[in-house]
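Read through the structure below, which is laid out as structure tokens, and then see the notes.
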């Protein structure tokens, strides 16, 4: 009877130790699961923050790209206007230059005729004398 009593006592002690270990294991599993949820939640929050910052940066980049394209377009229009104005001024200057050249040719021709006439008169006077 004593031995059986001793065995039952040992078995009760072992069962108690197993129950304590099972509860500790369950508690550790619950804690692990809770920590995993917290980590997952934190990672999702950080991912959301990172995604929001990335979206904001993409937005800023797109806005800067649009401003640059607008500035390039305006500059291109300005250059086109300047080139057109320059072309017009060049045509006007060319026209004025041609007119001056023609005027100088005419003036030169008149001077040449006048000089020849004076020269002929001078020669004719010399012959007469």
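In our numbering, the protein residues as written are 1 to 129. A virtual CB, placed ideally from N, CA and C, is assigned to each residue, including glycine. Since the structure is predicted, the reported quantities are computational estimates derived from the model, not experimental observations.
| query | result |
| --- | --- |
| So what does DSSP say about residue 124, is it helix, strand or coil? | helix |
| Return helix, strand or coil for residue 129, following the three-state DSSP convention. | coil |
| In whole angstroms, give me the CA-to-CA distance for residue 55 and residue 39. | 24 Å |
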